[in-house]
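S.K.: Provided herewith is a single structure, encoded as structure tokens, for subsequent inquiry.
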Amino acid sequence: MTNRRRFVLPPVAWFLLPWAAVYAAFFVFPFVFSFVLAFLDYNPLNVANTRFVGTANFARLFGDPAFGGALRNTILFVVGTVPVTTALALGVAGLMRGKIPLKGAFKAALFLPSILSVVVIALLFKLFYAPGGALNQALAGFGVAGHGWLTDPRTALPAIMAMDVWAAVGYYAIVLDAARTSIPDSLYEAAELEGAGAWATFRHVTFPLLKPAIAFVLVINTIRSFQVFVEVLVMTQGGPLGSTNTLVMYLYDTAFRRLDYGYASVVAYAVFLLSGVFSIIAMRRLRPETAEGRPI
Amino acid sequence: MTPRRGFLRYACLAASAAVLVAFAACGDKEKTGDDGAVVHFWQFWDLAVIQPLVDEFEAQHPDIDIEVEQLTWATGLEKIQAALASGTQPDVCELGSTWLPRFSYEGVLEDVTPVYEAERDSFLMWESALWKGRVYGLPWVQGSRALFVNRSLFRRAGLDPDQPPQTWDELLHAAEKISQLGTGIYGFGQNIGERYVLYKKFMAFAWGNGGDVFDESGEVVLNSPAVLEALEFYLKLAPYSLQEKQEVLDQYFKTGRLGMQVSGAWNLKNYKLEAPDLDYSVALVPKPAPDHGAHASFAGAEMLVVFKASPQKEAALQFARFLQAYPQAKKLSLAAGSVFPAALSAMHDPDFTTDPRVRVFVEQSLTSRTTPAHPGWIEMEEAIDRAVEESLYGRRAPRWCLDEAAREVQEIAARFQR
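Keeping their order, the protein sequence lines are chains H and L. FYI, in my numbering the residues of the first sequence are 2 to 297. FYI, in my numbering the residues of the second sequence are 25 to 442.
Have a look at this one:
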């Protein structure tokens with residue numbers, strides 16, 4: 002070869018190219034474009050009238066009670082579901098350590114909600130929570146009066162949160178169970194010899210060694226929960242009285258119903274920043290430690 | 025470099041190029057045919073319902089080719105927005121009457137005022153296409169909401185099923201009587217906890233009482249005594265009502281557990297299939313008093329619009345007018361079973377006046393109202409929903425709720441004054 006110094010793409014790059022093209026078109030471009038939109042007054046019906054408005058869209062966030070409500074509901078959703086899901090997933094993963102009959106079937110059943118579309122789950126739960134639905138019928142069996150779970154502003158958000166926990170636990174339990182199987186049995190044997198009970202074993206063996214996996218579960222679930230949307234769209238559309246209006250639901254309304262794409266982009270970046278901050282906190286707190294308790 | 029690796033390299037490059045070209049092709053659309061016009065038509069009906077009409081038009085106009093695309097109610101509006109932003113919009117499009125004003129306001133629709141001037145008296149629902157004295161859409165099919173009455177429950181409650189309530193007092197009395205039949209049986213249905221529906225039911229009472237969102241001069245009158253009176257009456261119904269989402273109310277009515285509700289003609293079709301033994305009738309929405317007010321209700325329409333940017337405006341308008349004409353709108357209405365032609369000819373057509381339930385719907389549309397043709401309507405309806413919901417939940421006094429809603433509507437209206 003004559004021009005050896007010519008830049009040559011390594012073969013792996015050629016294989017990555019098709020994926021990179023999709024990634025650029027559907028992730029990088031919208032990401033950058035929405036950042037530009039955040040500084041514009043842009044509406045798709047009238048692109049010619051697009052105006053630069055500086056940071057006006059950002060300033061609106063602070064005086065917007067609807068955004069405040071959506072922020073509150075979203076934080077409630079995250080704080081109310083992520084720890085519960087993680088704790089339950091840990092518990093279920095712990096159960097799987099023991100000898101249980103039909104473990105394979107049990108695992109498959111646990112994982113089942115994860116392969117169902119969120120729309121399907123939300124539609125099923127809409128029926129489940131309906132006035133004549135399974136939940137109210139079961140309650141009637143105990144003599145408890147029925148309740149409009151999704152039409153009462155006090156119970157609508159908790160009802161969606163409960164559904165989310167149900168749908169998410171299995172997946173994270175499988176993740177944690179997989180991580181747990183990598184803990185050497187010798188450590189459990191040592192703990193047993195030292196006379197550690199179930200709690201002490203969990204506290205000093207399982208939990209510290211699962212920390213990276215728990216961090217992963219927390220971060221992934223936090224990011225996902227900050228983006229809660231489809232469940233809300235299908236079940237309550239943000240109502241009643243805005244009690245289930247979440248940030249992404251608000252973003253969707255702002256962009257696609259009110260055609261206020263600039264402001265909607267600001268909301269999108271707010272969601273991005275918030276989930277980023279929460280994820281960083283979760284990762285820092287659950288950093289693997291050395292034997293002396295210092296972060297590695 | 026070995027020939028083999030070179031091949032792989034080019035294969036990957038080709039795959040990437042194919043991916044990108046595929047994206048580019050998504051937006052690239054053939055605009056004209058070789059031997060005449062191609063009219064792109066986006067609409068929400070099942071193709072089985074719409075295709076016969078399209079075939080008929082194409083047979084009559086061999087030089088025009090219609091490309092139909094079916095949108096869904098869940099994502100259709102987004103798709104239209106994206107198409108307008110990228111300049112790939114269709115030529116003719118179906119738009120709901122509550123969406124249309126925003127499109128009129130943005131100036132993306134072809135002005136069809138001449139059609140309006142020629143056909144003004146032949147169709148209902150022109151109001152929703154009106155913006156600043158010009159008309160931007162053709163009324164196609166419409167649907168109002170009427171009072172569904174369960175005759176068996178009326179009988180059981182000692183009421184005369186042949187005398188459905190005509191006034192607010194009679195409605196309240198009947199609702200109370202029926203709700204006393206036992207737990208799990210409700211006198212009336214009130215929408216709650218979902219969008220697009222609540223204001224349609226409440227405004228029927230407000231309009232019937234002479235109230236409105238705007239008065240003739242464009243002032244917000246949502247907190248007028250007439251609207252407040254309607255809201256206070258609506259609250260009186262609450263103790264005897266099932267407060268739920270529309271699908272639940274329809275379900276309760278179907279299974280004979282709901283005495284009355286204001287709902288749409290889609291139920292006629294569904295009940296015929298799913299509850300053939302249900303003994304029910306349809307009546308006009310009651311008016312405030314025998315000597316006061318009107319049997320008002322909400323009516324929504326499907327409108328046909330031509331986009332200003334269409335290169336085929338003439339053929340597009342020709343096709344839209346063909347669809348709008350009574351014979352076609354009638355075929356569509358009969359096939360769909362949930363709407364009626366916007367054309368007034370339906371009022372005298374035995375196909376719409378023989379069945380007593382259908383006749384009431386057709387009659388109801390004559391005293392029904394459309395929502396104000398305001399570009400900010402989508403937001404204004406949320407303000408009305410909120411006012412009614414807050415009152416129903418007992419969170420705030422009705423007067424406070426309406427004052428607040430009026431203030432919000434005022435604020436939204438101000439944003440659109442440019």
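Ideal Cβ positions, reconstructed from N, Cα and C, are used throughout, including at glycine.
(1) Under 8 Å between beta-carbons, which chain L residues line up against T255 of chain H? List them in chain order, please.
(2) Kindly list the residues whose CB is nearer than 7 Å to the CB of G149 of chain H, restricted to its own chain and excluding five residues on each side of it in sequence; keep chain order.
(3) Please identify the residue among L:L246, L:Y220, L:T207 whose C-alpha is closest to the C-alpha of L266 of chain L.
(4) Anything in chain H within Cβ reach of Q267 of chain L, meaning under 8 Å, just list it in chain order.
(5) For a contact meaning CB atoms closer than 8 Å, what does F127 of chain L contact in chain H?
(6) Taking Cβ-Cβ distances shorter than 8 Å, what residues in chain H pair up with G131 of chain L?
(7) Cβ atoms of T255 of chain H and Y173 of chain H: under 9 Å apart, would you say?
(8) Output yes if chain L places a C-beta closer than 9 Å to the C-beta of A94 of chain H; else output no.
(9) So which of L:Q67, L:I104, L:V386 has the shortest CA-CA distance to L328 of chain L?
(10) Measuring only between beta-carbons, confirm whether E102 of chain L sits less than 9 Å from chain H.
(11) State the Cα-Cα distance for the pair W290 of chain L and V382 of chain L, rounded to the nearest angstrom.
(12) So what does DSSP say about A21 of chain H, is it helix, strand or coil?
(13) Using 10 angstroms around the beta-carbon of N50 of chain H, count the other beta-carbons present and answer buried if the total reaches 16, otherwise exposed.
(14) Does the distance from the CB of F346 of chain L to the CB of L77 of chain L come in under 9 Å?
(15) Does DSSP put P213 of chain H in a helix, in a strand, or in coil?
(16) Starting from S203 of chain L, follow the alpha helix (DSSP H) in both directions and report where the run begins and ends.
(17) Just list the alpha helix (DSSP H) runs in the segment 105–174 of chain L, keeping only unbroken ones of 4 residues or longer that don't cross its boundaries, in chain order.
(18) Helix, strand or coil for M284 of chain L, going by three-state DSSP, please let me know.
(19) Output the boundary residues of the alpha helix (DSSP H) element that contains I436 of chain L.
(20) Spatial neighbours of G81 of chain H within its chain, please: C-beta separation below 6 Å, excluding the five flanking residues on both sides.
(21) Tell me which residues share the same chain as W97 of chain L and place their Cβ nearer than 8 Å to its Cβ, disregarding the 5 neighbours each side in the sequence.
(22) Counting along the chain, where does the alpha helix (DSSP H) carrying S415 of chain L start and finish?
(23) Could you tell me which uninterrupted alpha helix (DSSP H) segments, each at least 4 residues in length, are contained entirely in the segment 9–60 of chain H, listed from first to last along the chain?
(24) Pull up the DSSP beta-bridge partners for W66 of chain L, would you.
(25) Residues in the same chain with beta-carbon distance under 6 Å from V229 of chain H, minus the five sequence neighbours each way, listed in chain order, please.
(26) Taking Y304 of chain L as part of the beta strand (DSSP E), name the residues at either end of that continuous run.
(27) If you draw a straight line from the C-alpha of V6 of chain L to the C-alpha of C117 of chain L, how long is it?
(28) In three-state DSSP terms, what is K269 of chain L?
(29) Return yes when the Cβ of L390 of chain L is within less than 9 Å of the Cβ of A411 of chain L, no when it is not.
(30) On the DSSP bridge assignment, give the partners of A139 of chain H in chain order.
(31) Report the neighbours of Q105 of chain L on chain H: residues whose CB is nearer than 8 Å to its CB, in chain order.
(32) Kindly indicate which residue of L:W155, L:A199, L:Q75, L:Y350 has the alpha-carbon position closest to the one of S128 of chain L.
(33) Between the Cα of V62 of chain L and the Cα atoms of L:N247, L:A359, L:V306, L:A340, which residue gives the shortest distance?
(34) In whole angstroms, give me the CA-to-CA distance for G167 of chain L and L205 of chain L.
(35) Using a C-beta to C-beta distance shorter than 7 Å, which residues of chain H count as neighbours of L108 of chain L?
(36) Can the beta-carbon of K355 of chain L be found less than 9 Å from the beta-carbon of W192 of chain L?
M.R.: Let me spell this out:
(1) The contacting residues do not exist; T255 of chain H stays about 10 Å from chain L at best.
(2) In chain order, P132 place their CB closer than 7 Å to the CB of G149 of chain H, counting only its own chain and leaving out the 5 sequence neighbours on each side.
(3) Checking every option, the nearest Cα to that of L266 of chain L belongs to L:T207.
(4) Correct list: G149, T152.
(5) Residues of chain H whose Cβ lies closer than 8 Å to the Cβ of F127 of chain L are, in chain order, L46.
(6) Those within 8 Å of G131 of chain L in chain H are N47.
(7) With a cutoff of 9 Å on beta-carbon distance, Y173 of chain H and T255 of chain H are scored as not near each other.
(8) Cβ-Cβ to chain L under 9 Å: no for A94 of chain H.
(9) It is L:Q67.
(10) Chain H, which has a Cβ nearer than 9 Å to the Cβ of E102 of chain L, makes this yes.
(11) Their backbone Cα atoms lie some 11 Å apart in a straight line.
(12) Under the three-state reduction of DSSP, A21 of chain H is assigned to helix.
(13) Counting Cβ neighbours within 10 Å, N50 of chain H comes out exposed, since fewer than 16 surround it.
(14) Yes.
(15) DSSP places P213 of chain H in helix when its eight states are reduced to three.
(16) That run of the alpha helix (DSSP H) goes 192–203.
(17) Segments of the alpha helix (DSSP H) lying fully in the segment 105–174 of chain L: 124–130, 137–143.
(18) Annotated three-state conformation of M284 of chain L is strand, per DSSP.
(19) Counting along the chain, the alpha helix (DSSP H) containing I436 of chain L begins and ends at 422–439.
(20) When the five nearest sequence neighbours on each side are left out, the beta carbons in the same chain lying within less than 6 Å of the beta carbon of G81 of chain H are those of M162, in order along the chain.
(21) Excluding residues within five positions, the ones whose Cβ falls inside 8 Å are F68.
(22) For S415 of chain L, the enclosing alpha helix (DSSP H) has its first and last residue at 401–416.
(23) With a minimum length of 4 residues, the continuous alpha helix (DSSP H) runs that stay inside the segment 9–60 of chain H are 12–24, 30–38.
(24) L:E93, L:C117.
(25) The answer, listed in chain order, is F78, T247.
(26) Residues 304–307.
(27) No answer is possible for residue 6 of chain L: it lies beyond the span of chain L, which begins at 25 and ends at 442.
(28) Residue state, collapsed to three classes: coil.
(29) No, they are not a contact pair.
(30) In DSSP, A139 of chain H forms no bridge with anything.
(31) By Cβ distance, chain H contributes P45, L46, F257, L260.
(32) Nearest of L:W155, L:A199, L:Q75, L:Y350 to S128 of chain L, Cα basis: L:W155.
(33) Considering only alpha carbons, the answer is L:A340.
(34) Those two C-alpha atoms are separated by around 32 Å.
(35) Residues of chain H passing the Cβ test: P45, L46.
(36) With a cutoff of 9 Å on beta-carbon distance, K355 of chain L and W192 of chain L are scored as not near each other.
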